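Numbered per the working numbering, the sequence shown spans residues 2 to 416. Comments concern the structure below.
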Amino acid sequence: QARGIKFGLDNTTELLSRLGDPHLRFRSLHVAGTNGKGSVSAMSAAVLGEAGYCTGLYTSPHLVDFRERIQVDGIPIGEKEMLRLAEEVRTIAEEMRTRSADKRLTFFELTTAMAFAHFADRGVEEAVVEVGMGGRLDATNVIHPECAVITRIALEHTQHLGRAIADIAFEKAGIIKPEVPVITIEQDPGVIDVLQRRAAELSSPIKIVGRDVSYELIASTLEGTDVYVEEIDANISLPLLGSYQAANCALACGGLAELMRRGLYIPDEAFLNGLAKVKWPGRLEIVGRGPCIILDASHTPDGARTVSEEVERLIGGKIILILGVLRDKDLDGIARAFGRISRRAVATAPPTDRAYSAEEVGSVLSAYCPTDTVDGVGRAIEWARSNAAPDDTILVTGSLYTIGEAKRWMNGQTG
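Spelled out as structure tokens, the structure:
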């Protein structure tokens, strides 16, 4: 498998053609954005499944097990099926690469093809497909969705997507298809302008949550989030923490309402019951008590600021921060946001060569709060536990890879 990043849809299209075009055998909802796209995807899939549709969910990256990326009706792809599909796409990929060096497929292109083939094999009716990176040239952009959903956009992957927020918005807007409805959320005016112009060019109706779609946060506690969503005229109780999940919920409901306008039947009970049971690990997820341990996947300064404010509001106590960040992220911006709320911190690194070393994280983080350096996420958690006061909260964050390693360690899967 070739790892790396390569933009363009020709190779993905050819690979899928060789597989029988599985992506044309199910309806889909396409989700792009920087912050919240995983939560919105999980919420959308939960409602569709509760409505009785065979529902696929494709997200990335995974936390603990690769199979998490490809789910049907909430169940990850089986190991045997995963290996069978991996061999099938590998064989085709080898043939393509032998024919031309330009036909070398990336890891994400291969996994996307596996997901779509699995969905087709399982008779998926509705698939929720999360963009990997950007949108316009992302491997997932071969689908023909019933609706495009674009969450909040912030600076990310600037070496690939552009260094200005408008450039990144342009890439995300690439998932908008002619005459297909698009829904987004009130945000930076420059982002909204890019999305609206692209939608107008393609005669695609666009709605904006917070402007065209109203919602109201009712309550946000350590038990979950309650929100009223005008689009479905209902009070929703989410088990997910964080007041920002109210906007994500309204966005998911808005996207699903567009599917309903195109003929899909979703009863009111599916919204209420599906959202009440939604799961999305690693997002303000409480995984331990005494001391309280929270995992969160924030990996941009914008996301870190939002989550730090939520933790401060929900916990109101002393925070011990455990931070591990990948090299393509804004380490200083993330460290500044989380360091502000932390009484002390532990700099660490997940087990990938894409991550800053613990020492590099520590050298930046120490400018914002007292910092110790501990190699290994599991050992960092041990250190924090042994140094925590009874009323401390341990916050593990900075990267999906960091919290994935934390989950593996807490589940006893690593030393």
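Note that CB positions come from ideal geometry on N, CA and C, so glycine has one too. This structure is a prediction, so every number in the text was calculated from the model and none was measured.
Query, Result
"Quick one: grab the DSSP three-state call for S204.", "coil"
"Which same chain residues, not among the five before or five after N412, have their C-beta less than 6 Å away from its C-beta?", "none"
"Does DSSP put Q72 in a helix, in a strand, or in coil?", "strand"
"What's the call for D297, buried or exposed, on a 16-neighbour Cβ count within 10 Å?", "buried"
"List the whole-angstrom C-beta distance separating T307 from Y266, where the pair is believed to meet the contact cut-off of C-beta under 8 Å.", "Not quite, the Cβ-Cβ distance comes to about 35 Å (not below 8 Å), so this is no contact."
"Could you give the DSSP three-state label for G163: helix, strand or coil?", "With a pLDDT of only 49 at G163, under the threshold of 50, the placement of this residue in the model should not be trusted; the figure read from the coordinates follows. Here G163 sits in coil by DSSP."
"Going by the beta-carbon positions, is the gap between G317 and L64 smaller than 8 Å?", "no"
"Going straight from the alpha carbon of R100 to that of G225, what length do you get?", "53 Å"
"For S204, count neighbouring Cβ atoms within 10 angstroms of its own Cβ and tell me buried if that reaches 16, exposed if not.", "exposed"
"Grab me the residues of N249's own chain with a C-beta within less than 6 Å of its C-beta, minus the 5 sequence neighbours each way, in chain order.", "G37, S40, V41"
"What is the residue span of the beta strand (DSSP E) that H1 lies within?", "Given a span of 2 to 416 for the chain in the structure shown, any question on residue 1 remains unanswerable."
"I'd like to confirm the pairing. Which residues does DSSP put opposite S238 in its beta bridges?", "D227"
"Note down, in chain order, each residue of its chain lying with its Cβ closer than 7 Å to the Cβ of Y54, except the 5 sequence neighbours on either side.", "E126, E127"
"Quick one, are the C-beta atoms of G124 and A33 less than 8 Å apart?", "no"
"Can you tell me which of A271, V312, V279 puts its alpha carbon nearest to the alpha carbon of G340?", "V312"
"Let me know the beta strand (DSSP E) ranges lying completely inside the segment 45-103, each 3 residues or longer, listed in chain order.", "56-59, 71-73"
"Tell me whether N12 is buried or exposed, calling it buried when 16 or more other Cβ atoms sit within 10 Å of its Cβ.", "buried"
"Taking the Cβ atom as the reference point for each residue, do A235 and D227 lie within a distance shorter than 8 Å?", "no"
"Have a look at G304 and L327 and give me their C-alpha separation to the nearest angstrom.", "15 Å"
"Could you give the first and the last residue of the continuous alpha helix (DSSP H) run that contains R19?", "11-19"
"Let's test the definition: count the other Cβ atoms within 10 Å of the Cβ of T35 and tell me whether it reaches 16, buried, or not, exposed.", "buried"
"Excluding five sequence neighbours on each side, which residues of the same chain lie with their C-beta closer than 7 Å to the C-beta of D392?", "G318, K319"
"How many angstroms separate the CA atom of A118 from the CA atom of P62?", "18 Å"
"With a CB to CB cut of under 7 Å and the five nearest residues on each side skipped, what residues in its chain are close to Y229?", "Y216, E217, I219, N236"
"Whole angstroms are fine: how far does the CA of L138 sit from the CA of G175?", "7 Å"
"Only counting the same chain, and skipping five residues up and downstream in sequence, which positions put a Cβ closer than 8 Å to that of T152?", "V32, A33, G34, T35, N36, G37, K38, V41, T185, I186, N249, L252"
"If we count the other Cβ atoms within 10 Å of its Cβ and call it buried at 16 or more, is H300 buried or exposed?", "buried"
"Comparing alpha-carbon positions, which option in T403, T374, G291 lies nearest L353?", "For the record, residue 353 in the displayed sequence is Thr; it is not Leu. Among T403, T374, G291, the Cα nearest to that of T353 belongs to T403."
"Is it buried or exposed, P146, if we count other Cβ atoms within 10 angstroms and call 16 or more buried?", "buried"
"Mind checking who D22 pairs with in its DSSP beta bridge?", "Its beta-bridge partners do not exist; DSSP assigns none."
"Taking the alpha-carbon positions, what's the D74 to G50 distance?", "6 Å"
"What residue range does the beta strand (DSSP E) around L296 cover?", "293-296"
"Quick one: what's got a C-beta closer than 7 Å to L257's C-beta in the same chain, skipping five residues either side?", "S45, V48, I267"
"Quick check on the burial criterion: 16 or more other C-beta atoms within 10 angstroms. Buried or exposed for R465?", "Residue numbering for the chain in the displayed model covers 2 to 416; residue 465 lies beyond these limits and cannot be assessed."
"From the DSSP output, which residues share a beta bridge with E126?", "For E126, which the question treats as bridged, DSSP gives no partner whatsoever."
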